[in-house]
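J.: One structure coming up, written as structure tokens, with questions to follow.
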Ligand code: G2I
């Protein structure tokens, strides 16, 4: 099943790349740009073309219907939002519940997605039996080793990356005084990586934190730790920057910070991106949010070793923000009803997609292609020809389909298709496009796999 706006996730990769390449073609004079954001390639395909994995946090029970369609088609990585935390998987000592975690892993495998395991060692969402116990250091260390071995071992070969240690630092760069640190000292961190590596030598092992996106005291402490772990030969592969950000406050040092971690010889991932705003949202805030999402994704795109951008829930209705910051929300790329927001297009643009239509410039006529509806195998599209400072008397619009689409019917134009090339000439009654006016024609077509928007040439 797929929604009317999400191209399939199952298109062969080569076809997707071909479609991307076609979408990136440029046209000459009397030109036109493709729009129809809804039919742009999915984020996972845009990311793949840039060597980036695009992920979302998910809740297992929601992975059906529209939520499942979007999660499966737009993203190439899933992170269980809560399902793999210790409190979820071992609510009673020795009694395990892997139901939701297994469900998410199975969904990811069915949709050709990676899984980021989250998280093995944290001070939150631990089971009560653990936090209420009165353990010696030796006992606590053994419990932690067993937990890591059990969970990482269960999913051996199925998890691309683990957030091994989560939120180890306070804001001033000192170690957070958690049950782990207080009992075991900072050595618990190196041990956790060593144990995780033993349980799945192929999983990439990350340390993950928030408020470490820019260069600051906390990220400096993280940097120094990662450097020291690398020097000691501890098996750490990556640094996760959570990126729970506030509207208009993307740190100016984000890219520089990503780069300095990369230069230590580790991968970097944006692991929990969301950008909250004071409610209610309005168009100015949503526009700012789109720019903010775009700049975060662009910073990752600019650094080769930044390998993954994951949003912490893709829809506003699935976000932790309103529950934690009363009066704030609208922090994700989709609204409460699963419609893409400007933020979605900001992400797409940072990945090379999401072209916008330039308004007609003086002395030019432009043609804008859009998909107005789309279903399993078919779609309806339209081309609008607008003139400003010029006019047309008799027109021809042509384009090349990038993914095997086929026109089946047209109206308000005389259209022919030869191979991938479509040519549409005016009908007898709409050949004139006056200065300041427009003409629109429509068509039905078939598609399979993906339905990228072509660029239209006007002549
Ligand atoms: O707090 C935001 C994130 C910060 N970084 C680590 C992440 O693991 C963390 O995720 C959030 C989840 O998105 C929330 O869903 O972690 C929260 C707990 O610290 C999660 O909230 C919990 C609620 O507190 C529980 O009441 C609820 O039962 O979610 C649980 C499951 O819905």
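Residue numbers (my numbering): 330 to 788. Glycine included, C-beta positions come from ideal geometry on N, C-alpha and C.
Report yes if the C-beta of residue 571 is less than 7 Å from at least one heavy atom of the ligand G2I; otherwise report no.
T.: As a first step, residue 571 must be located in the chain shown, where it is residue number 242. Under cutoff, so the answer is yes.
J.: Please classify residue 869: does DSSP put it in a helix, a strand, or coil?
T.: This structure leaves residue 869 out entirely; the chain is present only between 330 and 788.
J.: Suppose you measure from the CA of residue 522 to the CA of residue 564; what does that come to, to the nearest Å?
T.: Along the chain shown, one-based indexing puts residue 522 at 193. Along the chain shown, one-based indexing puts residue 564 at 235. Distance between the alpha carbons of residue 522 and residue 564 is about 6 Å.
J.: If you follow the beta strand (DSSP E) that residue 678 is part of, which residue opens it and which one closes it?
T.: The residue given as residue 678 occupies position 349 in the chain shown. Run containing residue 678: none in the beta strand (DSSP E); it sits in the alpha helix (DSSP H), 671-679.
J.: Contact check, residue 770 vs residue 751 under 8 Å by CB: the rounded distance?
T.: Within the chain shown, the letter at position 441 stands for residue 770. Within the chain shown, the letter at position 422 stands for residue 751. 12 Å between Cβ atoms; not a contact.
J.: Is residue 658 near the ligand G2I, in the sense that its beta carbon is under 7 Å from a heavy atom of that ligand?
T.: Translated into the one-based positions of the chain shown, residue 658 becomes position 329. Not under cutoff, so the answer is no.
J.: State yes or no: is the C-beta of residue 601 nearer than 7 Å to some heavy atom of the ligand G2I?
T.: Your numbering for residue 601 matches position 272 in the chain shown. Checking every heavy atom of the ligand G2I against the Cβ of residue 601, one is found closer than 7 Å.
J.: How about residue 452: is its Cβ closer than 7 Å to a heavy atom in the ligand G2I?
T.: Here residue 452 corresponds to residue number 123 of the chain shown, with the count starting at 1. No, since every heavy atom of the ligand G2I falls outside the 7 Å radius drawn around the Cβ of residue 452.
J.: How about residue 653: is its Cβ closer than 7 Å to a heavy atom in the ligand G2I?
T.: Taking the first residue of the chain shown as 1, we reach residue 653 at position 324. Yes, the ligand G2I has a heavy atom inside 7 Å of this Cβ.
J.: For the ligand G2I, I want to know if residue 539 counts as a neighbour, meaning its beta carbon is within less than 7 Å of at least one of the ligand's heavy atoms.
T.: Indexing the chain shown from 1 puts residue 539 at position 210. Flag set: Cβ of residue 539 near the ligand G2I.
J.: State whether the region 471-478 contacts the region 423-438, with contact taken as three or more CB pairs (one from each stretch) at a distance under 8 Å.
T.: The region 471-478, when compared against the region 423-438, does not touch it at the 8 Å Cβ threshold.
J.: Mind checking residue 524: buried by the 16 CB within 10 Å criterion, or exposed?
T.: One-based indexing of the chain shown puts residue 524 at position 195. Counting Cβ neighbours within 10 Å, residue 524 comes out buried, since at least 16 surround it.
J.: Would you say the beta carbon of residue 675 comes nearer than 7 Å to a heavy atom of the ligand G2I?
T.: Position 346 of the chain shown, counted from the start, is the residue given in the question as residue 675. Residue 675: no, Cβ never under 7 Å from the ligand G2I.
J.: Along the beta strand (DSSP E) that carries residue 445, what are the first and last residues, could you check?
T.: By 1-based counting over the chain shown, the position of residue 445 is 116. Residue 445 -> beta strand (DSSP E) spans 443-450.
J.: Assess, as a yes-or-no matter, whether the region 416-423 is touched by the region 367-378 under the definition of 3 or more beta carbon pairs within less than 8 Å.
T.: The region 367-378, when compared against the region 416-423, does not touch it at the 8 Å Cβ threshold.
J.: So the alpha helix (DSSP H) residue 715 belongs to, where does it begin and stop?
T.: Position 386 of the chain shown, counted from the start, is the residue given in the question as residue 715. Not the alpha helix (DSSP H): residue 715 falls in the beta strand (DSSP E), residues 707-717.
J.: Can you grab the Cα-Cα spacing for the pair residue 534 / residue 665, in whole Å?
T.: On the chain shown, residue 534 is found 205 positions in, with the first residue counted as 1. On the chain shown, residue 665 is found 336 positions in, with the first residue counted as 1. In this structure, the alpha-carbon of residue 534 lies about 33 Å from that of residue 665.
J.: Do you know whose CA, among 768, 520 and 727, lies nearest residue 748's CA?
T.: As a working mapping, residue 748 is identified with position 419 in the chain shown. Of the listed residues, the one whose Cα sits closest to residue 748 is 727.
J.: Which residues share a DSSP beta bridge with residue 473?
T.: Numbered from 1 along the chain shown, position 144 holds the residue referred to as residue 473. BP columns for residue 473 are empty, so no partner.
J.: Note down, in chain order, each residue of its chain lying with its Cβ closer than 6 Å to the Cβ of residue 761, except the 5 sequence neighbours on either side.
T.: As a first step, residue 761 is located in the chain shown; it is residue number 432 there, counting from the start. Taken in chain order, the residues that qualify are 722.
J.: Count the other CB atoms within 10 Å of the CB of residue 783; is the residue buried (16 or more) or exposed (fewer)?
T.: The residue you call residue 783 lines up with position 454 of the chain shown. Buried, by the Cβ-count rule.
J.: For residue 753, which residues in the same chain have their Cβ closer than 6 Å to its Cβ, ignoring the five residues on either side in sequence?
T.: Numbered from its first residue, the chain shown carries residue 753 at position 424. Excluding sequence neighbours, residue 753 sits near 726, 742 and 744.
J.: Going straight from the alpha carbon of residue 552 to that of residue 590, what length do you get?
T.: Along the chain shown, read from residue 1 onward, the residue named residue 552 stands at position 223. Along the chain shown, read from residue 1 onward, the residue named residue 590 stands at position 261. So the two alpha carbons sit approximately 7 Å from each other.
J.: Could you check whether the Cβ of residue 728 sits closer than 7 Å to any heavy atom belonging to the ligand G2I?
T.: Mapped onto the chain shown, residue 728 falls at position 399. No, the Cβ of residue 728 stays beyond 7 Å of every heavy atom of the ligand G2I.
J.: I'd like to confirm something about residue 385: is its beta-carbon nearer than 7 Å to some heavy atom of the ligand G2I, or not?
T.: Position 56 of the chain shown holds residue 385. No, the beta carbon of residue 385 sits no closer than 7 Å to any heavy atom of the ligand G2I.
J.: What first and last residue would you give for the beta strand (DSSP E) that runs through residue 605?
T.: As a position in the chain shown, residue 605 is number 276, starting the count at 1. Element bounds for residue 605: 596-607.
J.: Buried or exposed for residue 561, please, with buried defined as at least 16 other CB atoms from any protein chain shown within 10 angstroms of its CB.
T.: Looking up residue 561 in the chain shown gives position 232. Burial call: exposed.
J.: Counting pairs of Cβ atoms below 8 Å between the region 538-547 and the region 572-590, do you hit three or more?
T.: yes
J.: Among residues of its own chain, excluding the 5 on either side of residue 418, which ones have a beta-carbon nearer than 8 Å to its beta-carbon?
T.: Within the chain shown, numbered from 1, the residue matching residue 418 stands at position 89. Cβ within range, chain order: 412, 425, 426, 427, 430 and 480.
J.: Beta carbon of residue 384, beta carbon of residue 737: below 8 Å?
T.: In the chain shown, residue 384 corresponds to position 55, counting from 1. In the chain shown, residue 737 corresponds to position 408, counting from 1. No.
J.: Quick one, are the C-beta atoms of residue 284 and residue 681 less than 8 Å apart?
T.: Past the edges of the chain, shown from 330 to 788, lies residue 284, and the structure says nothing about it.
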